[in-house]
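As given, the protein sequences belong to chains A and B, one line each in that order.
The letter at position 89 of the first sequence is residue 133 when you use the numbering used here, and the numbering goes up by one with no holes.
The letter at position 296 of the second sequence is residue 836 when you use the numbering used here, and the numbering goes up by one with no holes.
C-beta atoms are modelled at their ideal positions from N, C-alpha and C, and glycine is treated no differently.
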Amino acid sequence: MGIEFQHVVKRFENGTEALSDVSVTIPPGSLTFLTGHSGAGKSTFLNLVLRADRPTRGKVLVNGVDIAGLKRRHLPVYRRHLGAVFQDGQLLDGRSIFHNVALPLHVAGMRARDVGRRVRAALESVDLLRKAELLPGQLSAGERQRVVIARAVVNRPKILLADEPTGNLDPTLSRSIMALFRRFHDVGVTVVVASHDTELVGTMGSRVVELDHGRVVSQGRANGDG
Amino acid sequence: MARTRVWQAQARPWRAYWRDHGRVLRDTLGYLSGRFVTTLWVWLTIGVALAVPAAIYLLEANLVRAAGQWRENTGFSVYFEAGVELEGPQALVRRLEAMDGIERVWLTTPDAALAEFRELSGVSDALELLDNNPLPASVRATVTSAVSPAGLAILAEQAAGTDGVEDVVVERSWLERLGALREIVIRLYWSLTAILGLGAVLISGATVRLAIEARLGEVKVLTLVGAGRGYVRRPFLYLGAAYGLGGAVIAAMAISALLLFLEEPLVRLFGSYGRDLEITGFDPIFHAMLLASGGALGVVGAVVASSQRLNRLNVA
Ligand SMILES: Nc1ncnc2c1ncn2[C@@H]1O[C@H](COP(=O)(O)OP(=O)(O)O)[C@@H](O)[C@H]1O
Ligand SMILES: [Mg+2]
């Protein structure tokens, strides 16, 4: 599924205009990096795709459909088609890694048998299957972030959104996390990664949308393939 | 249009729904026992809020019963002039017996009255000295429970119209007072139920709100991975129900203790009217109602608190 922003304006109640007339096309199956300084509007952009927020003006189309028209009761099902990775963990501390990754499937009401299979596959894809029974507190920061990614992809989403997924990781770990996103992109998932780390993004060689103070300043391909 | 339908297609199967309830129940019990002091505190507070109206409800129910019992003695006595022939009182007895609303009628002849007086007073010797029996004949009637105080007055007035009647005494003032007392108790019951019921809702709501606050991270994660409002809210509704039900159990225990404490004076109160102590209304239905109201109030509090909080969080 592709994402399209048409002249999107997002103004918060306090008057802050986080996005000003943003028009961006993210083709289905692409790997896109959203960059810009802190406060440029990256998180706001992703929240609009998640429909955690609504645009003040303009349209957000996902798979060609204006998601402003989604009824509230359809939102959960819509969100099950998306995978989201956000900056600081948000793993449930009291639950095992297995349970954390299984959460989107439980929420969707999947049978226990299928849940086990899917969770194992997702943990395998981030190379953490052997830690399934541990608690989040027993993992390193990089491992925890990989668990969050496993949770985001366990539902086999068409779109994977990540907000500063490498926020507090060292460069080596950051690169391995980014490599993971590329793997999901390789199997056909539309991946959008927001990161203020322009240097890291530059090495990835993919589509880059650069925001500055809520405006798109460049949109195109960085060096390399994509 | 065709494409939106894809997002609407997958509904949660029913079996998953029930499995979920089982899981939430276990989680809730774990949550409550993990914070036992808080839980007990909330139970006691809601218990007090429920016990007061419940106790007044019992008071009212028993007042009604007492009214029913004592009503058997409700009626009037017609006193004839001394020396009147017995035909007059006997005719009155027949007339009264034919009337609607009259339950029983007794004729007390002057001789019977004298015998009774002797027995009660023990001053037989003094009366022996009198030539004539100075006591009048009297007719006493009791009315059925269908007769209102006003109806009782009308019946007594009709009886007073008989020849040779000296005086009619209506035993009703206590009945009117009881009626007024009952009215006060009923109004007290409703107003306290409203105030304390609201109190129970607020306590449950405030505590549930704290629980939501404590699990905000979890709520956000659940929303993010596509949980609907029902799923996100379920544990909090269970929590509200558990607070309310626990409060109801405390209230039932408090009322049992209260009845034990009041047993002795109650025996005297009812015993003086020749009845064994038996509290009306303290039965399984009462307990079921108490539990149901407690649970309902707790859930209402949780619904209010969670709707408010989850709306602000944009939970779908
Ligand atoms: N809920 C909000 N209310 C008001 N202002 C907000 C809110 N969220 C973000 N902003 C503001 O919008 C701008 C863009 O924020 P954000 O999208 O988080 O930027 P980024 O993710 O690129 O750092 C910032 O100025 C931020 O302060
Ligand atoms: Mg941000």
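{"Query": "Own chain, CB closer than 8 Å to P201 of chain A, minus 5 neighbours either side, in chain order", "Result": "R124, H125, L126, G127 and V233"}
{"Query": "C-alpha gap between A788 of chain B and S796 of chain B, whole angstroms", "Result": "12 Å"}
{"Query": "heavy atom of ligand 1 below 7 Å from F56 of chain A C-beta", "Result": "yes"}
{"Query": "Beta-carbon gap between V683 of chain B and T614 of chain B smaller than 8 Å", "Result": "yes"}
{"Query": "Backbone CA spacing between N851 of chain B and V759 of chain B [nearest angstrom]", "Result": "12 Å"}
{"Query": "Proximity to V237 of chain A [Cα-Cα], best of A:A62, A:D65 and A:F77", "Result": "A:F77"}
{"Query": "Contacting residues, own chain, Cβ-Cβ under 7 Å from A594 of chain B (five flanking each side not counted)", "Result": "A791, I795 and L830"}
{"Query": "Option nearest Y778 of chain B by Cα separation, candidates B:T578, B:S744 and B:E711", "Result": "B:S744"}
{"Query": "Counted within 10 angstroms of its Cβ, other Cβ atoms place W581 of chain B as buried (16 or more) or exposed", "Result": "exposed"}
{"Query": "Buried or exposed by the 16-neighbour rule on C-beta atoms within 10 Å, applied to T79 of chain A", "Result": "buried"}
{"Query": "8 Å Cβ cutoff, P120 of chain A in contact with chain B", "Result": "yes"}
{"Query": "Alpha helix (DSSP H) runs wholly inside the segment 163 to 210 of chain A, at least 4 long, in chain order", "Result": "185 to 197"}
{"Query": "Residue range of the beta strand (DSSP E) that includes M51 of chain A", "Result": "What sits at residue 51 of chain A in the sequence shown is His, not Met. Per DSSP, H51 of chain A belongs to the beta strand (DSSP E) from I47 to R55."}
{"Query": "Cβ neighbours of Y729 of chain B in the same chain (closer than 7 Å, five flanking residues each side left out)", "Result": "P593, I596, Y597 and E600"}
{"Query": "Beta carbon of V741 of chain B nearer than 8 Å to that of V844 of chain B", "Result": "yes"}
{"Query": "From B:L837, B:S846 and B:L853, residue whose alpha carbon lies closest to that of R583 of chain B", "Result": "The sequence shown places Trp at residue 583 of chain B, rather than the Arg named in the question. With distances taken between Cα atoms, W583 of chain B lies closest to B:L837."}
{"Query": "V761 of chain B, buried or exposed, once every other Cβ within 10 Å from all chains shown has been counted against 16", "Result": "buried"}
{"Query": "Contact set between R123 of chain A and chain B, taken where Cβ atoms lie within less than 8 Å", "Result": "T763, L764, V765, G766 and A856"}
{"Query": "Beta-bridge pairing of G615 of chain B - partner residues as DSSP gives them", "Result": "B:T682 and B:E711"}
{"Query": "Neighbouring residues, chain B, relative to V151 of chain A (Cβ below 7 Å)", "Result": "L762, V765, G766, A767 and Y771"}
{"Query": "Cutoff 8 Å; reference L173 of chain A; Cβ partners in own chain excluding five residues on either side", "Result": "R164 and L167"}
{"Query": "Partners in chain A for G757 of chain B, counting only beta-carbon separations shorter than 7 Å", "Result": "Q134"}
{"Query": "Residue list, Cβ distance to ligand 2 heavy atoms smaller than 7 Å", "Result": "A:S82, A:K86, A:S87, A:D207, A:E208 and A:A238"}
{"Query": "Limits of the unbroken alpha helix (DSSP H) element including F228 of chain A", "Result": "P215 to D230"}
{"Query": "Chain B contact for R195 of chain A (CB, 8 Å cutoff)", "Result": "yes"}
{"Query": "Residue ranges of each alpha helix (DSSP H) within the segment 59 to 128 of chain A, 4 or longer", "Result": "86 to 94 and 119 to 123"}
{"Query": "The beta strand (DSSP E) enclosing L255 of chain A, as first and last residue numbers", "Result": "R251 to D256"}
{"Query": "Own chain partners of L114 of chain A with C-beta closer than 6 Å, once the 5 adjacent residues on each side are dropped", "Result": "Y122"}
{"Query": "Contact with chain A by V843 of chain B, beta-carbon distance below 8 Å", "Result": "no"}
{"Query": "Residue-chain proximity (L105 of chain A, chain B), Cβ-Cβ < 8 Å", "Result": "no"}
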